[in-house]
DNA sequence: GTCTATATGCTGATAGAC
DNA sequence: GTCTATCAGCATATAGAC
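Residue numbers (our numbering), protein chains in the order written: chain W, 1 to 190; chain S, 191 to 380.
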């Protein structure tokens, strides 16, 4: 067996939150998808649903930010790279049937006022995205201050456009947002 | 009595979804906040929770888009107007204790794959926002095609930044996104 | 139209044999 | 560590008096 029960539970939770959110996901669904009985869930995660969600979000968040260099490194021109990243996201979302790629922001919006513990976890993940994004864009030639602002804009536009595109079933918001974020770099020396 | 029972139910549902999302909001909470007994809820909304949510989202969406001219008309320069709108949003969110101003996008992200009927309602609301936003920015001097793309960018960045700011408890994402969206207009004749 | 009392199913969580 | 059986509580929704 290559994957542990604990890992399968985390993956299942992330997968379900990605498409259904936190509130609509039941521990029974997690149990079934992970092929792990209820008792195993509460053996590995004594604090129950919240703890499973927290660990699943951390793992998903860490994996998701790695897409940034993966999608953008192939493009020498940073403006092209930004456009390509948004275009790739749009294409993948359409091909996947308009389901979410990552549960972090969906769940963050959903639980920001009703699940304080999970809100803190989401904030930690977003913080690490901002730090890693800033580092990447500095590496790509932006000044430190500009890189942080650009990362915040990049993430805000990407996540907002994700929700719009997903709800409208259209790539138009992601394409428009990608062009706008790339345009930010018009004055930069890249 | 100035407000009908039906209106109070809608308002209560919108208020609760705004801070808790759809899944975490129970009809009992709606009943209590609206000061209407369970029977009244199901008398006015025979299809139950979903129907209350649909009507509440429609009303909230219609009210929310009216903030656009309200916040931006005072500013002659469109770039200033955009910055001001994002800054106002950030300030109001911070003063309100980081709770959401509008339930539409939060709920849209939450239910996009689990509640098809509500997803359709959310899509109709977003469509109407895009149409009305485009009209407004044409009125403010943008060309028709540019105005639609700008509206999509504006809404994506605003909503994404809302979630980031709300989760991080910081105005930084909203301020960065506002500056970026305003920068879009750098070449425009306003 | 309003309101109380309640039905029915499902929720997260647990107990305890193996 | 794994698994089955089950708890107690709460969810949405309804019935029926007023």
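Note that beta-carbon positions come from the ideal geometry of N, C-alpha and C, so glycine has one too.
In the DSSP annotation of this structure, residue 291(S) is not part of any alpha helix (DSSP H), being labelled neither H nor E. Three or more Cβ pairs drawn from the region 155-167 of chain W and the region 78-98 of chain W lie within less than 8 Å of each other, which places the two stretches in contact. Boundaries for residue 330(S): no alpha helix (DSSP H) harbours it, and the DSSP string shows neither H nor E there. Between residue 48(W) and residue 107(W) a beta carbon distance of about 16 Å is seen, past the 8 Å cut, so the two are scored as non-contacting. About 6 Å separates the CB atoms of residue 8(W) and residue 36(W); that is less than 8 Å, so the two are in contact. Residue 285(S): member of the alpha helix (DSSP H) spanning 268-285, first to last residue. For residue 26(W), there is no enclosing alpha helix (DSSP H), as DSSP marks it with neither H nor E. With 16 or more other Cβ atoms from the protein chains shown falling within 10 Å of its own Cβ, residue 295(S) counts as buried. The closest CA to that of residue 182(W), considering only 151(W), 166(W), 69(W), 100(W), is found on 151(W).
In terms of Cβ geometry, residue 62(W) and residue 33(W) do not form a close pair [threshold 8 Å]. Nothing from the region 256-286 of chain S brings a Cβ to less than 9 Å from some Cβ of chain W. Residue 244(S) is positioned such that its CB atom lies closer than 8 Å to that of residue 311(S). Residue 268(S) is positioned such that its CB atom lies closer than 8 Å to that of residue 331(S).
Per the C-alpha coordinates, the member of 308(S), 352(S), 193(S) positioned closest to residue 291(S) is 352(S). At the C-beta level, residue 300(S) and residue 110(W) come within 8 Å of one another. About 6 Å separates the beta carbons of residue 326(S) and residue 259(S), which is inside the 8 Å limit, making them a contact pair. Under the DSSP assignment, residue 172(W) falls in the alpha helix (DSSP H) whose first and last residues are 172-183. In terms of beta-carbon proximity, residue 238(S) stays away from the interface with chain W, with every pair separated by 8 Å or more. By the criterion of a C-beta distance shorter than 8 Å, residue 359(S) is surrounded in its chain by 288, once the five residues flanking it on both sides are discounted. Taking a beta-carbon distance threshold of 8 Å, residue 160(W) counts as an interface residue toward chain S.
Here residue 45(W) carries a coil assignment [DSSP, helix/strand/coil].
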